[in-house]
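Working notes for the structure below.
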Amino acid sequence: MTGEHVLICVAWPYANGPLHLGHVAGCYLPPDIHARYERALGNRVLMVSGSDEHGTPITVTAETEGVPPQEIVDRYHAINTQALLDLGCIWEPNVDSRGIEYGGALFNRTSDSEHKRYVQENFNSLLAAGLFEQKTMQQYYEIRNDGGRFLPDRYVEGECPNCGEDGARGDQCDECGTTYESYELQNPRSKMNPDSEIEIRDTEHFFYRLDRFQEALEFHANDRNPHWKANVRAMTKQWLDMGLRPRAVTRDLEWGIPLPLEGDKWKGKCVYVWFEAVQGYYTCAKIWSERFAESDDWRKWWCVSDDGVAPRHLYFLGKDNIPFHTVIWPALIMGLNHANNGLGDEDPVSLPGPGDLALETNVPAMEYLMLAGGQFSKSRKHAVWLPSFLERFDPDTLRYYLSINMPENHDTDFNWPDFVEKINSELNGTYGNYVNRVMSLGNKLGGDNPLQIHDDLDRCNDDKERLEQIYVQLTQSLNRHRYKEALRHVMSAAQYGNQMIQKAVPWKYLSEPGPSDTSEYSDERRQSLSKLSFGWRLARFMAITSQPFLPFSAQRLWTMLGQTGNVSDASFESATDWSTPITWSTISEPLFSRLDLEAILEEEQTLAQSEQVTVHDDPGHGVKGSGKKTKTKEDENMTEAPEGTTFLNFETFMSVELRIGTITSVEDHPNADKLYVVHLDDGTDEGRTVCAGLKPYYSVDEMMEKQVVFVANLEPRKLRGVLSEGMICAADDDDGAVKLITVDGSISNGSRVR
RNA sequence: AGCGGGUUGGAGUAGCCAGGUUAUCUUGUCGGGCUCAUAACCCGGAGACCGAUCGUUCAAAUCGAUCACCCGCUACCA
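First residue of the first sequence? That's -16 in the numbering used here, and the numbers climb one at a time after it.
What follows is the structure, given as structure tokens:
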């Protein structure tokens, strides 16, 4: 188990916003823990990732801010790189301290010119191997003075050919759910620039022949099934059962990697982001080799050896990314092998053999970390961003809490009271306090190395055995990617230490100086102090085994124990090396400090308020997903109108027709979770129907018969299939409370409000 | 409504794929102890009809079916 090549692949964060705690728990902390663990085992670890810097959402952000896309990605690449380093992730140094043959790490970026070059190379070889098919598609094109551009389906809206609803998207109507070809859309327009002229043009695109890999992938999935977690098994199975179809690898885009093809018809086309970013695992390893090692060294981490041994590949990512890594990426890898082996269109594809690029060993995907009570994006004030967290707290407190609360099997919550409680009672009470006990008891004995003379391992066989047992359990858990459980095992050592000290009552013997020759001590005293000495060994065990989880405090402890160098360079096995001579240092300080919940909550409140003002346009809200990127951000950016506080003139205000109505019936919306369908008596014979999103705040009974204020001249709009002819007014506050506006006394329905 | 995940002592969780002693651990709570240590630590107790129902089985938290509720995504909001 020593000297193995292990490639740790970390999902590429999208450089469109800062990382939040959800990202950290989902896909940035686990790989760091694992990489540190593999290193400590003596394995050769190469860790690769970087910023995903292409794609439409970034251009949208750039457009909104009026800056070039490069400026956006430069900004967030810098912020996120720094935040990950501050968290203690071993992205630096790039070369392993044990030597280049042990690997290292590179946090690269997809705008790297070498990355581009490799992607283009791969594109060409896959093309040559007949793994692409070419299709002509119809796509909307926005005609502009500066040249114009193709519009993705999401950026086109018009009237639905089926229900006539305005606001339907290019390929699907949200109201009636129909999908159609984009040319069927009526009165299409660009969502970004509604006034510009748009037309349908033919556009040529390449598709990757995923379908050709169906069989190989099924075989691969069966092979990996026993190792995969349930969520990975389920998601992969679902994809394979649906049947794989060719998938587009090119798009009409400006910001990305251009197609490496000659000819006008390929101008303005880029490689699809998914196709390109996912190759980062491979290009990053190559680039690392070129910059820091021999140019062929990457093969040790990527290629199956001549005798058929594959390097271990571990991919860390959020659950939304699973199929990309168990289906699509393996298909690309096999495609590259196919091409590199000079095979073509006619030849069957196959699983990797000697010399080929290897497929993944495991994909320990995490579920999501949620923010307490944070359901809606407007509760953005609840979001916890990594950079701002690290400004205020010891990174190890975060690492501890996220590890012990890791969303391994299902979504988990981040909340401040729980965070404070875990840090205070577990990290401080059990671990910190244990260390502090040993250190201060030792110091009270006095001398340069007070515990060394009491070292008597023959009296501590049970204790040795217990720690050895914990060590076995710990490594088993880590090997199975059960980080939560693993950290519990580490903590159980501290707990055992507290019990051992408690039982040995060494404080009884502090005040008796006794003879200088320990052999003349009473047996009780020798027994007691030998346990205290073993307490030092247990603390050293803690330093080594907690290092992957809590690197900063492990190092502090290591130094306090009088050990030299870096604890991260100590081998994991040496945690139970009882022959190590006991050392001591003059430094002794608490490992962690207690947190004050009240103060934190107050600070959060202040921070949240200021944040709401300054980053109102930030799209990366919420602490939800760990890898969910394009979709939500795209939407937020698209829909968020620029905010400004200009004064409303009187006429404009009067154009809003507010009227009084009585609620006559309330029903659940047949097709929406949060909507009621409300009938109002608005003074007319037939009344009117309004959809209201009040389900979370009001029961049917509470709403019935209330006289409320509603907007009468709002453009009628279908909400999930039901026509809503107005809007019921309600007030909401920062705490998320929502209350209907009612009338003081009674007045006839239909009365104007002004 | 579509897709995915969940429901286990007050809270958070393990166990479920490969059914089988007293259902795990952390925290909280109650009682006791200790005083070296950060209102800390140690010992002991109480506390769970494992979401509901039906089925398979000698045996179900675990397998199958149905239902309910919760969460996320899609979507939606005042």
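Note that the Cβ used here is the ideal one computed from N, Cα and C, for glycine as well.
query, result
"Compute the beta-carbon to beta-carbon distance between Pro229 and Arg192, rounded to the nearest angstrom, for a pair I have assumed lies under 8 Å.", "5 Å"
"Three-state secondary structure (DSSP) at Phe693?", "strand"
"Apart from the five residues just before and just after Lys722, which ones in its own chain have a Cβ nearer than 7 Å to its Cβ?", "Ala713 and Ala714"
"Does DSSP classify Arg27 as helix, strand or coil?", "strand"
"Write down every uninterrupted run of the alpha helix (DSSP H) in the region 382 to 452 whose length is 4 residues or greater and which is fully enclosed by it, in chain order.", "399 to 404 and 416 to 428"
"His188: buried (16+ other C-beta within 10 angstroms of its C-beta) or exposed?", "buried"
"Could you tell me the alpha carbon to alpha carbon distance between Glu198 and Leu223, rounded to whole angstroms?", "9 Å"
"May I ask which residues mark the beginning and end of the alpha helix (DSSP H) holding Ile484?", "Tyr466 to Ala487"
"Note down the Cα distance separating Gln117 from Glu104, rounded to an integer number of angstroms.", "18 Å"
"Could you check where the beta strand (DSSP E) with His296 kicks off and where it finishes?", "Arg295 to Phe299"
"Do the region 321 to 341 and the region 372 to 384 touch if we need at least three Cβ pairs shorter than 8 Å?", "no"
"Between the region 239 to 256 and the region 29 to 39, do at least 3 Cβ pairs fall closer than 8 Å?", "yes"
"If you follow the beta strand (DSSP E) that Ala88 is part of, which residue opens it and which one closes it?", "Gly86 to Arg92"
"Could I get the ranges of all uninterrupted alpha helix (DSSP H) runs contained in the region 518 to 586, with 4 residues as the minimum, in chain order?", "534 to 543"
"Give the secondary structure of Thr233 by DSSP, where H, G and I count as helix, E and B as strand, and everything else as coil.", "strand"
"Alpha carbon to alpha carbon, how far is Arg22 from Glu507? Give it in angstroms, no decimals.", "42 Å"
"Thinking Asn170 and Gly141 are a contact (beta carbons under 8 Å), I'd like their distance in whole angstroms, please.", "5 Å"
"Assuming Thr219 and Thr309 are in contact, meaning their beta carbons sit under 8 Å apart, how far apart are those beta carbons, in whole angstroms?", "4 Å"
"Quick check on this structure: which residue in Cys(-8), His17, Gly670 and Thr589 has the alpha carbon closest to the alpha carbon of Trp312?", "Cys(-8)"
"Alpha carbon to alpha carbon, how far is Gly301 from Phe372?", "21 Å"
"Need the endpoints of the alpha helix (DSSP H) that Tyr255 sits in, please.", "Where Tyr255 is concerned, there is no enclosing alpha helix (DSSP H), given that its DSSP letter is neither H nor E."
"Does Gly5 come out as helix, strand or coil in the three-state DSSP assignment?", "helix"
"Between Asp618 and Asp206, what straight-line distance do the alpha-carbon atoms span, to the nearest angstrom?", "At Asp618 the pLDDT is 28, less than 50, meaning the model places this residue with poor confidence; the figure from the coordinates comes in the next sentence. Straight-line Cα distance between these residues: approximately 39 Å."
"Do you know whose CA, among Gly415, Trp281 and Val43, lies nearest Arg539's CA?", "Gly415"
"Between His393, Asn481, Leu544 and Phe397, which lies nearest to Pro433 when the distance is taken from Cα to Cα?", "Leu544"
"Going by DSSP, what residue range makes up the alpha helix (DSSP H) through Ser173?", "Here Ser173 belongs to no alpha helix (DSSP H); instead the beta strand (DSSP E) covers Gln169 to Ser173."
"Starting from Thr119, follow the beta strand (DSSP E) in both directions and report where the run begins and ends.", "Phe115 to Ile126"
"Around the Cβ of Asp717, are there at least 16 other Cβ atoms within 10 angstroms (buried) or fewer (exposed)?", "With a pLDDT of only 49 at Asp717, under 50, the local geometry of the prediction cannot be trusted, and the value read off the model is given with reservation. So Asp717 counts as exposed."
"How many Å lie between Met225 and Val78 at the Cα?", "43 Å"
"Along the chain, where does the beta strand (DSSP E) containing Phe190 start, and where does it finish?", "Glu180 to Tyr191"
"Distance check for Tyr123 and Thr395, CA to CA, integer angstroms please.", "42 Å"
"Could you round the C-beta distance between Leu450 and Thr569 to whole angstroms and report it? I think they count as a contact, below 8 Å.", "So it is not a contact: roughly 27 Å between Cβ atoms."
"Let's see if you can read the secondary structure: which residues bound the beta strand (DSSP E) around Ala675?", "Arg671 to Ala675"
"What do you get for Glu708, buried or exposed, if any count of 16 or more other CB atoms within 10 angstroms of its CB means buried?", "buried"
"So what does DSSP say about Ser734, is it helix, strand or coil?", "coil"
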